[in-house]
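Down below is the structure, laid out as structure tokens.
Residue numbers (this note's numbering): 3 to 127.
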């Protein structure tokens, strides 16, 4: 890739209080990811890695191919957006991770995803 940090990842989160999968004492969250390719080469998202930490310090890792069943290719200037979710045992937690992207020349690049918070509204003072 021609310039460092050329793939940008933005995250928006929200609490899902009425999500049917949550058991008593669990909290569901959605996160919307927007990946934008600011480089001058096409990149493809090959793998993902997430570290999810709840408010009690319980950590879980999620990794695998693509996101939401896709391995999108992004030409220069293109973006890809998707929504996924996480279930926590506490009303507050964090996620962080990275995407492994393959450039059109075959080079693999790790794009970090900064820590972001999952929180029930008004649960943090």
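We put the CB at the ideal spot given by N, CA and C, even for glycine. Just so you know, these numbers come straight off a predicted model, no measurement behind them.
About 18 Å separates the Cβ atoms of residue 29 and residue 117, ruling out a contact at the 8 Å cut-off. The beta-bridge partner set that DSSP reports for residue 48 is empty. If you ignore the 5 residues before and after residue 80, its C-beta comes within less than 8 Å of the C-beta of 38 and 39, all in its own chain and listed in chain order. Along the segment 38-111, the beta strand (DSSP E) occurs as fully enclosed runs of 3 or more residues at 45-56, 61-67, 81-90 and 94-105, listed in sequence order. Boundaries for residue 124: no beta strand (DSSP E) harbours it, and the DSSP string shows neither H nor E there.
The continuous beta strand (DSSP E) containing residue 17 extends over residues 9-17.
Judged by DSSP in its simplified three-state form, residue 28 adopts coil rather than helix or strand. Residue pairing for residue 114: DSSP places it in a beta bridge opposite 100.
Nearest C-alpha to residue 65 among 77, 97 and 92: 97.
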